[in-house]
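What follows is one structure encoded as structure tokens, with my remarks underneath.
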Amino acid sequence: MFWKRRERLNFPTETLEGEEYYVVKPDDVSQLDDVRVRFEGTIAEKPVVEFYAAGWPWSISARLIEEDHGHRTILKVSGVPVYFKGPAYLRMGERVTVWGEVKDGVVEARRIEGEDVIYTV
Numbered sequence: 007m008f009w010k011r012r013e014r015l016n017f018p019t020e021t022l023e024g025e026e027y028y029v030v031k032p033d034d035v036s037q038l039d040d041v042r043v044r045f046e047g048t049i050a051e052k053p054v055v056e057f058y059a060a061g062w063p064w065s066i067s068a069r070l071i072e073e074d075h076g077h078r079t080i081l082k083v084s085g086v087p088v089y090f091k092g093p094a095y096l097r098m099g100e101r102v103t104v105w106g107e108v109k110d111g112v113v114e115a116r117r118i119e120g121e122d123v124i125y126t127v
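In structure tokens, the structure reads:
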């Protein structure tokens, strides 16, 4: 039917806040799409914190949808591009655990666990 159940992948799973995440290696992330994953790795480059806006500041849509702008952190964890919606102050070379969803080869992180701090959306 329309709501076909998604087949399970051959990876172990962990649960975070009621959502199920597959525990994968950074090399396996590029082969997955539309899947929640958890993986560990090292930050390869300096993280970039940028401000983004979804529309013109004077447009009605920008005033109605306030959560569609803010800060985003872009980083590479063991070669995997990761976007985190919010500022995350991490160092190059730091070991992190990323919880997020893979979309088009990029992990949209919901939680990043660093050596000293945990960031969540």
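Add 6 to the 1-based position in the sequence shown for the numbering used here, that's all there is to it.
Ideal Cβ positions, reconstructed from N, Cα and C, are used throughout, including at glycine.
Looking only at PHE90, GLY76, GLU100, VAL41, the smallest Cα-Cα distance to SER84 is reached by GLU100. Assignment of VAL127 by DSSP, reduced to helix, strand and coil, places it in the coil class. When DSSP states are grouped into helix, strand and coil, PRO32 belongs to the helix group. GLY111 sits exposed, since fewer than 16 C-beta atoms from the chains shown fall within 10 Å of its C-beta.
Here ASP40 has GLU107, VAL108, LYS109 as same chain residues with Cβ atoms under 8 Å from its own Cβ, once five neighbours each way along the sequence are excluded. At the C-beta level, VAL35 and VAL86 come within 7 Å of one another. Nearest to LEU81 by alpha-carbon distance, out of THR21, VAL43, GLY47, is GLY47. A distance below 7 Å separates the beta carbons of VAL88 and VAL113.
Taking the Cα positions, THR79 is about 17 Å away from GLU121.
In this chain, the beta strand (DSSP E) harbouring PHE45 covers 41-48.
According to the DSSP assignment, HIS77 belongs to the beta strand (DSSP E) that extends over 76-83.
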